[in-house]
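Step one of this worksheet: look at the structure below.
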Amino acid sequence: MGVNMKNKHRMVLFSALLWGSGQFFIAKQRRKGRLFFLTQVLMVGIELLTGYWPNYFAGQIRNFSLRLHGGFFTRGLWGLITLGRVEGIKGDHSTILLINGIIALLGLAAFSALYVLNITDACKQGALLDCPDNRRIEKSNKLPGKKKIFPYLVLTPAAVIITLIVLMPIIFSVVIAFTNYDSNHLPPAHLVDWVGIENFMKLVSIPIWSKTFIKVLIWTVIWSAAATFSTYFMGLLQALMLNSRHVKHKSIFQSIYILPWAIPGMISLLVFKNLLNGQFGPVNQFLLDAKILSERIPFLTDPVTAKISILAVNLWLGFPAFMVMLLGVLSNQEESLYEAAKIDGAGKFQVFFRIKLPLLMYATAPLIIMNLANNFNNFGAIYFLTGGGPVNPDLQFAGDTDILISWIYKLTLDQRMFSMAAVMNILIFLFIAVISVWNFSRTNAFKEM
Amino acid sequence: MKNKIGWLLVHLELILVALFVILPIIWIVMSSLNTGNGLASASFIPKDLTIEHYKRLFTDSNYGNWFFNSFLIAALNAVISVMLIMLTAWVMSRFRFKGRKAGLMSILLLSMFPTFLSMTAIYTLFWNFGLLNKPAALVLIYAAGAIPYNVWLVKGYLDGIPQEIDEAAYIDGSSYLTTFAKIVLPLSRPIVTYCAVSQFMMPWMDYILPNMLLSSDENRTIAVGLYNMISGKENSNFTMFAAGAVLIAVPITILFLFFQKYLVQGIAAGANKG
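Those protein sequences? They're chains A and B, same order as listed.
Position one of the first sequence corresponds to residue 1 (this note's numbering), numbered consecutively onward.
Position one of the second sequence corresponds to residue 1001 (this note's numbering), numbered consecutively onward.
Structure (structure tokens):
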């Protein structure tokens, strides 16, 4: 329509073939063009230098295969799709191929994003050149070049380390659920294969899997709720006690109560494991000597007692944190509110349960939710005390006190059922992500982002 | 009269809870000073006190190595994590650029995935790059794992510092990085302290990753070393374990109490940020 689109089309075509060439030759944006070009050189260079492409093109390789002669990207994708073809110690290592494949895929994704950026930029700059009044726009566009690239430069180290150490392993753990990676398919001696949703079907169709999963899930939920609320109310009780008008030496008691929070949790748990030892533990010994008991209590080895013991130990560990938080909230509350209620004739208990407690719960709701999520995955409290035991033969490699996360740990390290563990991983992640997203979407931080 | 009963009841409760809290602590300290090796022989009021077990830690076990490894990991982690977290959060808070929102949302999703669920992948990755059995390599995982959650936390804090302050510095000719180092960092000292201290304390008692990635005894961290010392060997190693536990718990407890104010603030802020 009157406007000439010649530059735009030429630039897109140039840059699509040789990255940045449109910007360099046509728009005369030398630095930008060079940067895009170097990116392409980098990508092609990695592929060529890590493979045997030069030899192939020189005709030196007769039986070319991606497995032996592909570069980083092509060999990576080949590995990701096939997970290896040659079995045996000297053959293919499926999980290494999978990891390299994922890294290659992530690398390709990053390069593709830059390629798209290169094209859209060429398109935009070309359109600007075609526009009759282009000079002014070009000038005003030149200034912030350095400013624009600065945030990306600063973010690069964090982005790279997160991609490699956090994102890549998550992708690995998710896709493992669709393979048969277990003790019968252990690289390097054996190959791993893609099996589709077979593992998810197992969870539904094999009774012992579904039974174990549901039983462990129920205890996990009960445990998180009981652990969180028991520590919350114990913390609240101690905070109120310390604030009582009878107490003169508040700081002495407070500094004692804070100790379980300050002492490293794992040390405390291991100490309690010995303290409650069914055979030699001093608690049993004391109760026997004092003639309170006639026989030892299996604190950590009976299904029901073990659960109670874990909750009791967790109470010891967890109440100080809530106590300190609640002391902080209490000191910020206005007494006038309670005075008003008292004048209206409310009794002490009414004031507490109808006004004070709801207000406190509201103020500390985020802490409670965070604590619930932490307890849901509280590996230490279970593993260091009972190791998930006592062993329950009706369950698939889970004990009576196992929560999902300690069960996954056992499936992975003891049973080497990596694929089934990955299935559980996905389920836990979905469970936590849904709750967290829901919780987070209501906060101010989200709205102000 | 009513007052006195109230006083009595309140103090009775306070003292009972104090006993509940403190008895296990006294017991483990006493056990470490006990003669004899086993759990059964560790009594609450030892007949003879000895510091033999503390000496044995350094002669009969690799406790010194474990301590050094843990310290190295903790110190490196504190420095590297804080640098990465502060720079990332600062850029996220102060700059507007394409992909910022997407980046923030993705690290939020990533922070919901517990790092150790991907232990198989990390093991394979470390094996692939020859990082197994190298204590310092653990810092990579800890620092990467710390970024998502803490960036949100610190970004929230930095959003609360008026932007006019940095802009005044830019007008005076200060560059981005100088402004960051000379103005933003000092202004955010409480949150920097929180990140540094929590990142320093975390590796001491982490068990799963070091247990998987460090195979030889002298390369272990203190958590794994202590766990292996006691698990299944209550009768031969208990008092030595007690000594090792006390020896590491004391400095960490003191550190915690010293920085308590910052830690409480940081946790409260974290909960409110989701």
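Beta carbons: idealized from backbone N, C-alpha and C, even for Gly.
Quantities reported herein were computed from a predicted structural model and do not represent experimental measurements.
Counting along the chain, no alpha helix (DSSP H) covers Val195 of chain A, and no H or E run does either.
Where Arg34 of chain A is concerned, the enclosing alpha helix (DSSP H) starts and stops at Arg30 to Thr50. Of A:Ser21, A:Asn392, A:Ile405 and A:Gly399, the smallest CA-CA separation from Ala373 of chain A is found for A:Ile405. In this structure, Asn7 of chain A sits away from Leu117 of chain A, with a CB-CB distance that is not shorter than 8 angstroms. Around Ile1165 of chain B, the same chain offers Ile1183 and Leu1187 as residues with beta carbons nearer than 8 angstroms, after the five sequence neighbours per side are excluded. Put simply, the CB of Leu270 of chain A is near chain B, with a gap under 8 angstroms to one of its CB atoms. Closest by C-alpha distance to Ser210 of chain A, out of A:Ile435, A:Phe429 and A:Val423, is A:Val423.
Taking a beta-carbon distance threshold of 8 angstroms, Leu1014 of chain B counts as an interface residue toward chain A. Ranked by Cα distance from Leu1009 of chain B, the first of A:Arg245, A:Asn184 and A:Leu330 is A:Arg245. With fewer than 16 other Cβ atoms from the protein chains shown falling within 10 Å of its own Cβ, Ser255 of chain A counts as exposed.
For Ala433 of chain A, the neighbours in chain B by C-beta distance under 9 angstroms run, in chain order, Leu1109, Met1112 and Phe1113. Contact of Leu1209 of chain B with chain A by beta-carbon distance below 9 angstroms is absent, the smallest such distance being about 11 angstroms. Taking a Cβ-Cβ threshold of 8 angstroms, the residues of chain A close to Phe1095 of chain B are Phe150 and Pro151, in chain order. In the DSSP assignment, Cys131 of chain A falls outside any alpha helix (DSSP H), carrying neither H nor E. Exposure of Arg34 of chain A is indicated by the presence of fewer than 16 other C-beta atoms within 10 angstroms of its C-beta. Membership of Lys1047 of chain B in any alpha helix (DSSP H) is not indicated, and neither H nor E is assigned to it by DSSP.
Close CB contacts of Asn392 of chain A within its chain, under the 7 angstroms cut and outside five residues either way in sequence, are with Ala398, Gly399 and Asp400 (chain order). With a contact defined as Cβ atoms closer than 8 angstroms, Leu288 of chain A and Gly281 of chain A miss out at about 10 angstroms. Interface annotation, Val1021 of chain B: in contact with chain A, CB-CB separation under 8 angstroms. Contact between Leu236 of chain A and Leu106 of chain A does not hold, since the beta-carbon distance rounds to 47 angstroms and is not under 8 angstroms. Residues of chain A with a Cβ closer than 9 angstroms to the Cβ of Val1264 of chain B are, in chain order, Ala321, Val324, Met325 and Gly328. DSSP places Tyr338 of chain A inside the alpha helix (DSSP H), whose first and last residues are Glu335 to Ile343. Sequence-ordered contacts of the segment 1139-1152 of chain B with chain A read Leu1140, Ile1141, Ala1143, Ala1144, Gly1145, Ile1147, Pro1148, Val1151 and Trp1152 [C-beta pairs closer than 9 angstroms].
Within the segment 258-269 of chain A, the residues whose Cβ lies closer than 8 angstroms to some Cβ of chain B are Ile258, Leu259, Pro260, Trp261, Ala262, Ile263, Pro264, Gly265, Met266, Ile267 and Ser268, listed in chain order. According to the DSSP assignment, Gly318 of chain A belongs to the alpha helix (DSSP H) that extends over Pro303 to Asn332.
Between the segment 1045-1055 of chain B and the segment 1105-1122 of chain B there are fewer than three inter-stretch CB-CB distances shorter than 8 angstroms, so the stretches are not counted as touching.
Neighbours of Ile1025 of chain B in chain A, taken as residues whose beta carbon is under 9 angstroms from its own, are Leu259, Pro260, Ile263, Ser268 and Val271 in chain order.
In the DSSP assignment, Asn1235 of chain B falls within the unbroken alpha helix (DSSP H) covering Glu1234 to Phe1258.
Residues of the segment 228-250 of chain A with a Cβ closer than 7 angstroms to any Cβ of chain B, in chain order: Gln238, Met241, Ser244, His246 and Val247. It is roughly 43 angstroms from the alpha-carbon of Met1086 of chain B to the alpha-carbon of Arg67 of chain A.
Counting of Cβ neighbours within 10 angstroms places Asp394 of chain A among the exposed residues, the total staying below 16.
For Asn274 of chain A, the residues of chain B that pass the 7 angstroms Cβ criterion are Leu1039, Glu1234 and Phe1238, in the order they occur in the chain. Trp1007 of chain B and Lys1134 of chain B have their C-alpha atoms roughly 58 angstroms apart. For the pair of segments examined, the segment 1207-1225 of chain B was found to touch the segment 1064-1073 of chain B: the number of CB pairs separated by less than 8 angstroms reaches three. Per DSSP, reduced to three states, the secondary structure at Gly1156 of chain B is helical. Close to Trp1066 of chain B, with beta-carbon spacing below 8 angstroms, lies no residue of chain A; the smallest spacing is near 13 angstroms.
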